[in-house]
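> Let me begin by handing over the structure; questions about it come next.
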Amino acid sequence: MTESNDKSRPPEVLIDPIDMSKLDPTFRKEIQSMPNADELSACFACSTCTAACPIANVWDIKPHQLIRMILLGMRETVLSSKEIWLCLTCFECQERCPQNVRVTDIFFDCKNLASEEGWIPNNIVSLGKELLEKGQLYTVTADWEREDLTLEPEVPGLSTTAVKRILSETRTGRLVKGGD
Amino acid sequence: MPAYSLYMGCSVPANYPNYEASMCRVAESLGLELQYLEDVSCCGSPNLRAMDYWGWVLVNARTLAIADNIGHDILTPCNGCFGSLKDAYHLLKHDTNYREKVNEELAKENLEFKGISKPRHFVEVLYTDVGIDALGKKVTKPLDGVGIAIHYGCHLLRPKDVTELSHTILDELVEVTGAHVIQYSLWKQCCGATVLPVDEDLAIRLARDKLKSMKESGAVFATVVCPACCNQLDLQQLGLRESYDEEYEIPVLFYSQILGLAIGLDESDVGLDMNRVSARPILQHL
Numbered sequence: 010m011t012e013s014n015d016k017s018r019p020p021e022v023l024i025d026p027i028d029m030s031k032l033d034p035t036f037r038k039e040i041q042s043m044p045n046a047d048e049l050s051a052c053f054a055c056s057t058c059t060a061a062c063p064i065a066n067v068w069d070i071k072p073h074q075l076i077r078m079i080l081l082g083m084r085e086t087v088l089s090s091k092e093i094w095l096c097l098t099c100f101e102c103q104e105r106c107p108q109n110v111r112v113t114d115i116f117f118d119c120k121n122l123a124s125e126e127g128w129i130p131n132n133i134v135s136l137g138k139e140l141l142e143k144g145q146l147y148t149v150t151a152d153w154e155r156e157d158l159t160l161e162p163e164v165p166g167l168s169t170t171a172v173k174r175i176l177s178e179t180r181t182g183r184l185v186k187g188g189d
Numbered sequence: 080m081p082a083y084s085l086y087m088g089c090s091v092p093a094n095y096p097n098y099e100a101s102m103c104r105v106a107e108s109l110g111l112e113l114q115y116l117e118d119v120s121c122c123g124s125p126n127l128r129a130m131d132y133w134g135w136v137l138v139n140a141r142t143l144a145i146a147d148n149i150g151h152d153i154l155t156p157c158n159g160c161f162g163s164l165k166d167a168y169h170l171l172k173h174d175t176n177y178r179e180k181v182n183e184e185l186a187k188e189n190l191e192f193k194g195i196s197k198p199r200h201f202v203e204v205l206y207t208d209v210g211i212d213a214l215g216k217k218v219t220k221p222l223d224g225v226g227i228a229i230h231y232g233c234h235l236l237r238p239k240d241v242t243e244l245s246h247t248i249l250d251e252l253v254e255v256t257g258a259h260v261i262q263y264s265l266w267k268q269c270c271g272a273t274v275l276p277v278d279e280d281l282a283i284r285l286a287r288d289k290l291k292s293m294k295e296s297g298a299v300f301a302t303v304v305c306p307a308c309c310n311q312l313d314l315q316q317l318g319l320r321e322s323y324d325e326e327y328e329i330p331v332l333f334y335s336q337i338l339g340l341a342i343g344l345d346e347s348d349v350g351l352d353m354n355r356v357s358a359r360p361i362l363q364h365l
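If you read the sequences in order, they're chains A and B. Positions 10 to 189 (our numbering) are the ones given, in order, by the first sequence. Positions 80 to 365 (our numbering) are the ones given, in order, by the second sequence.
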């Protein structure tokens, strides 16, 4: 925080300078072409999203910084960040944005791009595998509980084959097979 | 008798049959006709949305299209299912290009998203279609004014332009049972369920913050309307004994259990013995 009096060395800085050559000017357009991201460039960096986020205190890159990084074209930093996967998806940021930037939705878009490029936590791929193999996230393990309540023994109404078929042809299928 | 297409999802039937049973019995007592949707898809949860948006839209659009063929609104007890179905519904209603793309895929199964059947959460149907006055008349065993903290759950309320739900409905629904609604500072805060697979410690901390805030404000019970929130607030209390050496002793009940007891259903009808932190103390407050 304090600046050095020694002028022979560069001053201490709070953030590293941005290397312009590493910026990807197409990144913002890429995000904007995804669902719910039309208002992205309306962000004026007021950081209301960060104030609203219940866990921004444990994020190294804060929500408003992520949005700014997208606009600047810091593609790799955003997509490889752990923060996008720590999003609670509570929509508190999005709800409060005075510019109607759909912040949480945009983080979903980022996670989709990150998944495509392999920056995805193993446990999320495991959930995808579960869906792909079982066609639903949870299966009944204690059928006596259902029996006690005179409910039918299995999860009612779900077609697991349809889910397996659909997801085997989308990114879930590619990611799970790629991980095997 | 208004009829609804019932979408139970996978988490409620697999993990919380007490929620499924109590909801169905409450609906029956109130004259709501619930018909299980058949052959529909698991919603995939926000985690599927994160890794595979297109796949997530497709599975949910498929469910919406099947419901369209029947024509009734969809009723679900789960915030996760509600959030996924309503979000997909909102997208397909507003984005015609996306809708065309999705319908091309659905056509392979002779299905089409038409947007007739609206996904609705059980508590919103209670509030809007049954109404507080009618519910009040059904209450035969009112609660004695005991303090209940409400956890709405994020995907029930937000984003508001998608959910179209007011953040006061559960307050009114709890009050009509005779209970007193406890105001607490973290009432809006997330339970942490979504980050459980990515950062368990953080998820536990969020649940703890929430329970602490409830306890400090004098809550004797808490109520939820989502299986994932229930995992975090009920089941996680057992975990907190080990991880933080803390005891909260806040029984967490699904709203349908509380309403069920207040309209005279038996404790076995609402599966009261299945709550992880014993919910039996509620019987002393009727």
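Positions of the beta carbon are idealized from the N, C-alpha and C atoms, including for glycine. If you're wondering where the values come from, they're calculated on a predicted model, not measured in any experiment.
Let me make sure I understand the geometry here. Which of Lys143(A), Phe100(A), Val87(A) and Asn66(A) has the alpha-carbon closest to that of Cys119(A)?
When only C-alpha atoms are compared, the closest one is Val87(A).
> Is it buried or exposed for Lys289(B), if we count other Cβ within 10 angstroms and need 16 for buried?
The residue in question, Lys289(B), is buried, as its Cβ has 16 or more Cβ neighbours within 10 Å.
> Check whether the Cβ of Pro276(B) lies closer than 8 Å to any Cβ atom in chain A.
Yes, because at least one Cβ of chain A sits closer than 8 Å to the Cβ of Pro276(B).
> Taking 8 Å as the threshold (C-beta atoms), are Ala129(B) and Val181(B) in contact?
Against a cut-off of 8 Å, the Cβ pair of Ala129(B) and Val181(B) comes out as no contact.
> To be precise: take each residue of the stretch 31–45 of chain A, compare its Cβ to all Cβ atoms of chain B, and keep it if any distance is under 7 Å. Which residues remain?
Listed by position, the residues of the stretch 31–45 of chain A near chain B (Cβ gap below 7 Å) are Pro44.
> State whether the stretch 85–104 of chain B contacts the stretch 134–152 of chain A, with contact taken as three or more CB pairs (one from each stretch) at a distance under 8 Å.
A contact exists between the stretch 85–104 of chain B and the stretch 134–152 of chain A.
> On the DSSP letters alone, give me the boundaries of the alpha helix (DSSP H) that Glu254(B) sits inside.
From DSSP, the alpha helix (DSSP H) with Glu254(B) extends over Ile248 to Glu254.
> Contact between the stretch 96–103 of chain A and the stretch 302–319 of chain B is defined here as three or more beta-carbon pairs at a separation below 8 Å; is this criterion met?
Verdict: no, contact absent.
> Could you tell me whether the Cβ of Ser13(A) comes closer than 8 Å to any Cβ of chain B?
Because the pLDDT of Ser13(A) is 49, which lies under 50, any placement of that residue in the model is unreliable, and the question is left without a value.
> Taking a Cβ distance cut-off of 9 Å, strictly less, list which residues of the stretch 62–94 of chain A are near chain B, in chain order.
Listed by position along the chain: Pro63, Ile64, Val67, Lys91, Ile93 and Trp94.
> With a CB to CB cut of under 8 Å and the five nearest residues on each side skipped, what residues in its chain are close to Val164(A)?
Taken in chain order, the residues that qualify are Gln145, Tyr147, Thr148 and Val149.
> Kindly list the residues whose CB is nearer than 7 Å to the CB of Val172(A), restricted to its own chain and excluding five residues on each side of it in sequence; keep chain order.
Closer than 7 Å at the Cβ level, and outside the excluded window around Val172(A), lie Leu140, Gly144 and Gln145.
> If we define contact as Cβ-Cβ less than 8 Å, is Thr179(A) a contact residue for chain B?
Chain B contact via Cβ: present.
> Examine chain D for any beta-carbon lying closer than 8 Å to the beta-carbon of Cys52(A), and answer yes or no.
No chain D appears in this structure, whose protein chains are A and B.
> Taking Cβ-Cβ distances shorter than 7 Å, what residues in chain A pair up with Glu117(B)?
Simply Gly166.
> Between the C-alpha atoms of Arg104(B) and Gly339(B), what's the straight-line distance to the nearest angstrom?
Their backbone Cα atoms lie some 8 Å apart in a straight line.
> Using the beta-carbon of each residue, which ones in chain A are nearer than 8 Å to Gly271(B)?
The answer, in chain order, is Leu97.
> Can you name the residues that DSSP bridges to Gly114(B)?
Here residue 114(B) is Gln; the residue named in the question, Gly, does not match the sequence. Paired residue(s): Ser84(B).
> Considering just the uninterrupted stretch of the alpha helix (DSSP H) at Ala228(B), what are its terminal residues?
No alpha helix (DSSP H) contains Ala228(B), which is instead part of the beta strand (DSSP E) from Gly226 to Ile229.
> Report the neighbours of Arg141(B) on chain A: residues whose CB is nearer than 8 Å to its CB, in chain order.
Under the 8 Å cutoff, chain A gives Ala171 and Ile175.
> Anyone know if the C-beta pair for Gly166(A) and Met353(B) falls short of 8 Å?
No, these two residues do not count as a Cβ contact at 8 Å.
> Is it true that the CB of Val209(B) sits closer than 8 Å to the CB of Gly257(B)?
For Gly257(B) and Val209(B), no; Cβs fall outside 8 Å.
> Quick check: the Cα distance between Ser245(B) and Asn126(B), rounded to an integer number of angstroms?
Answer to the nearest angstrom: the Cα atoms are 25 Å apart.
> Sort out for me which residues DSSP pairs Arg199(B) with in a bridge.
Arg199(B) is bridged to Leu154(B).
> Who are the neighbours of Leu170(B) on chain A, taking C-beta pairs under 7 Å?
Per Cβ cutoff of 7 Å: Pro44.
> Are the CB atoms of Gly82(A) and Asp33(A) within a distance shorter than 8 Å?
Cβ atoms of Asp33(A) and Gly82(A): closer than 8 Å.
> List, in chain order, every chain B residue whose beta-carbon is nearer than 9 Å to that of Glu21(A).
The premise fails here: Glu21(A) is roughly 30 Å from chain B at the closest Cβ pair, so nothing lies under 9 Å.
> Determine whether the Cβ of Leu184(A) lies closer than 8 Å to any Cβ atom of chain B.
Yes, Leu184(A) lies at the interface with chain B (some Cβ there is under 8 Å from its Cβ).
> In three-state DSSP terms, what is Leu195(A)?
Outside the displayed range of chain A (10 to 189) lies residue 195(A), so it cannot be described from this structure.
> For Asp348(B), is the classification buried or exposed, using 16 other Cβ atoms within 10 angstroms of its Cβ as the cut-off for buried?
It is buried - the Cβ of Asp348(B) has at least 16 other Cβ atoms within 10 Å.
> Quick check: Ile229(B) and Val202(B), are their CB atoms within less than 8 Å of each other?
Going by C-beta atoms, Ile229(B) is not nearer than 8 Å to Val202(B).
> Which residues of chain A have a Cβ atom closer than 8 Å to the Cβ of Leu332(B), listed in chain order?
Result: empty, since nearest Cβ-Cβ is about 15 Å, beyond 8 Å.
> State the Cα-Cα distance for the pair Leu49(A) and Leu143(B), rounded to the nearest angstrom.
C-alpha separation (whole angstroms): 29 Å.
> Are the CB atoms of Thr57(A) and Ala65(A) within a distance shorter than 8 Å?
No, these two residues do not count as a Cβ contact at 8 Å.
> By how many angstroms is the C-alpha of Ile283(B) removed from the C-alpha of Gly273(B)?
Here residue 273(B) is Thr; the residue named in the question, Gly, does not match the sequence. Their backbone Cα atoms lie some 11 Å apart in a straight line.
> Using the Cβ count rule (16 or more neighbours within 10 Å means buried), how would you classify Thr179(A)?
Its Cβ being crowded by 16 or more others within 10 Å, Thr179(A) is buried.
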